[in-house]
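>
Residue numbers (the UniProt record's numbering): 1 to 113.
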């Protein structure tokens, strides 16, 4: 069986409607600003939250610094994971909106035939 040419698919032939493009643009810009706001908020929270108790004796500050760094790395990884999950959810919602719009657009064509 021959491979499908990706340039010859239905989605690539159809030009996106201006309404769908407008929806996508709004989602993109709102997603960017939301991500930037979340990053700023989480980094501010991270600086406040990561507090490691001081050691009882002096001279163990290196260990404390390592603990703090590992906690910061873990917090940053968690933050990035949350942001990526939100972006995935947004893209799913955007694709769903585009699909429903296309279904509504294709409906009259089916009725005419």
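For each residue, glycine too, the CB sits at the ideal point set by N, CA and C.
Quick one: Cα of residue 1 to Cα of residue 93, how far?
Confidence at residue 1 is low in this model, with a pLDDT of 49, below 50, so the placement of that residue should be treated as unreliable; the coordinate-derived value is given next. Each residue's Cα considered, the two are about 34 Å apart.
> Our contact map puts residue 80 next to residue 20 with C-beta atoms below 8 Å; I'd like the distance itself, whole angstroms only.
Not really, about 30 Å apart at Cβ, beyond 8 Å.
> Considering only the beta carbon of each residue, do residue 83 and residue 24 sit closer than 8 Å?
In this structure, residue 24 does not lie closer than 8 Å to residue 83 by Cβ.
> Quick one: measure Cβ to Cβ for residue 27 and residue 90, integer angstroms, because I've assumed they're closer than 8 Å.
Correct: roughly 6 Å between the Cβ atoms.
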